[in-house]
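Engineer: Structure provided below as structure tokens; questions to follow.
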Amino acid sequence: MTIGAMWGAKRRRRGFSVLELMLAMTVMTVGLVAAFSGQIGTQQVMRQSRETQLVLTRLETVMEYIHAQKPEDLPTNPVVAHGKTAPLDDDLGLDNLKIITLYDGYVPGVEPPDPLHFKITGAWTDFEGRQRSLTLASVVTR
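Residue numbers for the sequence shown follow the UniProt record's numbering, so the first one is 1 and each next one is one higher.
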């Protein structure tokens, strides 16, 4: 056996060098950081989606209520009065949620137009402190 072969065989038996271990640790750390940041981003998107779905469900409930009422009584109805905040009977866990209904072409003291177009807007502050809003529009006829 030559000296070079003995040196190579001896080196193979010693294991990993410190440099190789540091490189492996760096690669693993980068991978773990990427995985955790991906999880955090996913959780934020899920929470934002949950908030949007809660508000959308509430807006749909108000819309169903409007469609069940007489069109001529809607703009002055205490629950869905023109430009007023609708009273909420439950806590959805959203900050500053306000639902406002606006009737297009409505003039106080005058009979509402037929068909009566309306918009329901939900506005709230999300979990990151940003102002958000969602609007649904529809129409009712006599």
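Heads up, the beta-carbon is just placed ideally off N, CA and C, and yes, glycines get one too.
Are G129 and L97 touching if we call contact CB-CB under 8 Å?
Structural biologist: Counted from its first residue, the sequence shown places residue 129 at position 129. Counted from its first residue, the sequence shown places residue 97 at position 97. Not closer than 8 Å, so no.
Engineer: Terminal residues of the continuous beta strand (DSSP E) containing residue 159?
Structural biologist: Summary: the structure shown does not reach residue 159, with the chain confined to residues 1 through 142, and so no result is reported for it.
Engineer: Rank Y106, I99, V140, Q131 by C-alpha distance to the C-alpha of L56 and give the top, closest one.
Structural biologist: The residue you call residue 56 lines up with position 56 of the sequence shown. Measuring from the Cα of L56, the nearest candidate turns out to be I99.
Engineer: Could you pull out every unbroken alpha helix (DSSP H) segment of at least 4 residues lying fully inside the segment 16-104, listed in chain order?
Structural biologist: You should have 18-67.
Engineer: Would P87 and A81 be called neighbours here (beta carbons separated by less than 8 Å)?
Structural biologist: Position 87 of the sequence shown, counting from 1, holds the residue named residue 87. Position 81 of the sequence shown, counting from 1, holds the residue named residue 81. Contact: no.
Engineer: In the DSSP assignment, what residue or residues form a beta bridge with G122?
Structural biologist: Within the sequence shown, numbered from 1, the residue matching residue 122 stands at position 122. In DSSP, G122 forms a bridge with I99, L134.
Engineer: Report the CB separation of L134 from L54 in whole angstroms; it is logged as a contact under 8 Å.
Structural biologist: Position 134 of the sequence shown, counting from 1, holds the residue named residue 134. Position 54 of the sequence shown, counting from 1, holds the residue named residue 54. Contact flag wrong, Cβ pair sits at about 10 Å.
Engineer: Identify, in the order they occur along the chain, each residue of the same chain with its Cβ nearer than 6 Å to the Cβ of G105, setting aside the five sequence neighbours on each side.
Structural biologist: Taking the first residue of the sequence shown as position 1, residue 105 is located at position 105. For G105, where only same-chain residues beyond five positions count, the Cβ hits under 6 Å are P113.
Engineer: Between P115, D95, S138, G109, which has its C-alpha nearest R132's C-alpha?
Structural biologist: Here residue 132 is taken as the residue at index 132 of the sequence shown, counted from 1. Comparing Cα-Cα distances from R132 to each of P115, D95, S138, G109, the minimum goes to D95.
Engineer: Are the beta-carbon atoms belonging to V126 and E72 less than 8 Å from one another?
Structural biologist: Locating residue 126 in the sequence shown gives position 126, counting from the first residue. Locating residue 72 in the sequence shown gives position 72, counting from the first residue. This sequence places Asp at residue 126; Val is not what is there. Result no, Cβ atoms of D126 and E72 do not sit closer than 8 Å.
Engineer: Are the CB atoms of M63 and L136 within a distance shorter than 8 Å?
Structural biologist: Numbered from its first residue, the sequence shown carries residue 136 at position 136. Numbered from its first residue, the sequence shown carries residue 63 at position 63. For L136 and M63, yes; Cβs fall inside 8 Å.
Engineer: Any C-beta of chain C sitting closer than 8 Å to the C-beta of G129?
Structural biologist: In the structure shown, chain C does not exist; there is a single protein chain.
Engineer: From residue 143 to P78, what distance separates their C-alpha atoms?
Structural biologist: Only positions 1 to 142 of the chain appear in the structure, and residue 143 is not among them; the question remains open.
Engineer: Could you pull out every residue in the same chain whose Cβ sits closer than 7 Å to the Cβ of L102, ignoring the five residues on either side in sequence?
Structural biologist: On the sequence shown, residue 102 is found 102 positions in, with the first residue counted as 1. Excluding residues within five positions, the ones whose Cβ falls inside 7 Å are H82, G83, F118, K119.
Engineer: Please report the distance separating the alpha-carbon of S138 from that of V110.
Structural biologist: Counting from one through the sequence shown, the residue named residue 138 turns up at place 138. Counting from one through the sequence shown, the residue named residue 110 turns up at place 110. Approximately 21 Å between the Cα atoms of the pair.
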